[in-house]
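A.B. asks: Its first residue numbered 1, the sequence shown is counted upward by one per residue in UniProt numbering.
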Amino acid sequence: MPVIEIDDQEQFTYLTTTAAGDKLIVLYFHTSWAEPCKALKQVFEAISNEPSNASVSFLSIDADENSEISELFEISAVPYFILIHKGTILKELSGADPKEFVSLLENYKKSINPESTPTSTVENVGANEGSHNDEDIDDDDEEEETEEQVNARLTKLVNAAPVMLFMKGSPSELNVGFRDS
């Protein structure tokens, strides 16, 4: 299935709820100015056009042009992938490693569609991926992160790109503390 470029929140909502059905949905957050996104866009489009991925919906979202969607998923770096099935976030992946993305996609396709793989493989995928699902699903009742978890998350973010900017506020309303005199 070809990549669908998301134009607005209404289209996004329709494609991820009403039109989604039982499909695995892959969200690809990108920007026009980030070099890793330019290379990954071609990879993402090629993967989406493979016949084996006909049952997967590939949605491409410009994080700058669709800031409300980016804020909904708390996107802080691009490229960023989110795999969703039946309204549940299965996995999030930050960074520009095509091999890691392809491997992740294949594993979740197998776990969602057991008819396409031998039973033993599905059981193994389910056993291996189950522990990740609980950690990656956003939950309002989530416990506060420990200092070690925060440091690990910050290290992952800092290593996701050669240059990283942390700024208070949101992309639409920056809070950098500059005041007119």
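Yeah, the Cβ is synthetic: ideal placement off N, Cα and C, and Gly gets one too.
Given the structure is predicted, the values throughout are model-derived calculations rather than measurements.
#1: So, with DSSP's three-state summary, where would you put Leu105?
#2: Which ranges does the beta strand (DSSP E) cover as unbroken runs of at least 3 residues, wholly within the UniProt domain "Thioredoxin" (1-110), from first to last along the chain?
#3: Is the beta carbon of Ser76 less than 8 angstroms from the beta carbon of Leu157?
#4: Can you look up Leu165 in the DSSP assignment and give me helix, strand or coil?
#5: Would you kindly check if the distance between the Cβ of Tyr108 and the Cβ of Leu90 is under 8 angstroms?
#6: Helix, strand or coil for Thr155? Go by DSSP, reduced to three states.
#7: Below 7 angstroms CB to CB, which residues in the same chain sit around Cys37 once its five sequence neighbours on both sides are set aside?
#8: For residue 190, count neighbouring C-beta atoms within 10 Å of its own C-beta (all shown protein chains included) and say buried if the count is 16 or more, exposed if not.
#9: At the level of alpha carbons, what is the spacing between residue 189 and Phe58?
#10: Could you have a look at Glu147 and say whether DSSP puts it in helix, strand or coil?
#11: By how many angstroms is the C-alpha of Lys23 removed from the C-alpha of Val56?
C.D. replies: So, from the data block:
#1: One-based indexing of the sequence shown puts residue 105 at position 105. Collapsing the DSSP output to three states places Leu105 in a helix.
#2: 24-30, 56-62, 80-85 and 88-94
#3: In the sequence shown, the residue the question calls residue 76 occupies position 76. In the sequence shown, the residue the question calls residue 157 occupies position 157. Contact flag set, yes.
#4: Sequence index remark: in the sequence shown, residue 165 carries index 165 (1-based). Leu165 falls in the coil class under three-state DSSP.
#5: In the sequence shown, the residue the question calls residue 90 occupies position 90. In the sequence shown, the residue the question calls residue 108 occupies position 108. A contact, by the Cβ cut-off of 8 angstroms.
#6: The sequence position of residue 155 within the sequence shown is 155, counting from 1. Helix at Thr155.
#7: Looking up residue 37 in the sequence shown gives position 37. Hits under 7 angstroms: His30, Thr31, Val78 and Pro79.
#8: This structure gives no information on residue 190, because the portion of the chain shown stretches from 1 to 181.
#9: With the chain running from 1 to 181 in the structure shown, residue 189 is simply not present.
#10: Along the sequence shown, one-based indexing puts residue 147 at 147. Helix at Glu147.
#11: Position 56 of the sequence shown, counting from 1, holds the residue named residue 56. Position 23 of the sequence shown, counting from 1, holds the residue named residue 23. Rounded to the nearest angstrom, the gap between the Cα atoms of Val56 and Lys23 is 6 angstroms.
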